[in-house]
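This report concerns only the one structure given below.
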């Protein structure tokens, strides 16, 4: 199990691992109906297993029965947590086959919705609790590593770069353009490829009802870190903040709650 925030590099890491190995790679598209997803996965499995063209998998049980007959394969399910929304029976079917089959492929699952991934593997009673041999949370690259790589490319050294939290994000654009960190932030965020990133993340995971979540993030960014301050900035009662704050802290892992100080 490999999980971490969006754009952190999970898929690239898994695909690199798969390059030199017999493998199947499945991307879980939450917008695709389950029967079409099964058909897509089934066709890829049919080709890998060398089954006749007329073979079709009618159920997920049939799919996993054939999948677990593969020998020497690594099977990757990217964004596996979306099965909980699209076909919630799949994680339980996978667990059953994993428990009863003596011969099985190596399986890698990735996920971006941190809260859902933890519910899949880390909570007692969850579908895959105790089944993962290895669980890795993929975090951000350390600034020092980025600085060393840029130094190797002849783009300055550690003393030339900012040590702020924005440094990792903006260093490359800033150093290559010869501008300031503030200019790099504007280049990447204000008018660049990341300008809608926060809204994309919220819309992908929460649907259309994310305007209060966005307002909460804006409040915290402006220094309103206490519950009452956030509520005042957003314009709703503190009692109505709780579901949104749970989404941002437990589900998406965007905010951190400091209980001792009762701040975010």
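Numbering (my numbering), first residue to last: 3 to 266. Glycine included, each C-beta is placed from N, C-alpha and C at the ideal position.
- In the DSSP assignment, residue 134 falls outside any beta strand (DSSP E) and carries neither an H nor an E.
- Between residue 130 and residue 70, the alpha-carbon positions lie close to 17 Å from each other.
- Looking at the backbone, the Cα of residue 222 and that of residue 75 are separated by about 46 Å.
- The shortest C-alpha to C-alpha distance from residue 67 to any of 265, 51, 141, 194 is the one to 51.
- Here residue 65 is near residue 43, since their CB atoms are less than 8 Å apart.
- Residue 63 sits in a helix when the DSSP states are folded into three classes.
- A straight line joining the alpha-carbon of residue 214 with that of residue 201 spans about 12 Å.
- Note on geometry: alpha-carbon atoms of residue 233 and residue 115 lie some 25 Å from one another.
- Assigned with DSSP and collapsed to three states, residue 125 falls in coil, not helix or strand.
- Looking from the CA of residue 259, the closest CA among 229, 110, 25 belongs to 229.
- In this structure, residue 123 lies near residue 3, with their beta-carbon atoms less than 8 Å apart.
- Going by DSSP, residue 77 is part of the beta strand (DSSP E) stretching over 76-80.
- At the C-beta level, residue 47 and residue 15 stay beyond 8 Å of one another.
- In the DSSP assignment, residue 113 forms a beta bridge with 5.
- Going by C-alpha positions, residue 40 is about 20 Å away from residue 106.
- Boundaries around residue 215 are those of the alpha helix (DSSP H), 213-223, since no beta strand (DSSP E) includes it.
- If only complete runs of 4 or more residues are kept, the segment 8-50 shows the alpha helix (DSSP H) at 12-20, in order along the chain.
- Shown here for residue 97: same chain residues with a beta carbon closer than 8 Å to its own, the five before and five after excluded, namely 129, 130, 133 in chain order.
- With a threshold of 16 other beta carbon atoms within 10 Å, residue 21 falls short and is exposed.
- Distance from residue 204 to residue 216 at the Cβ level is roughly 6 Å; contact confirmed, criterion being Cβ atoms closer than 8 Å.
- Taking the Cα positions, residue 135 is about 23 Å away from residue 8.
- For residue 235, the enclosing alpha helix (DSSP H) covers residues 229-236.
- For residue 139, DSSP records a beta bridge to 5.
- For residue 101, the enclosing alpha helix (DSSP H) has its first and last residue at 92-102.
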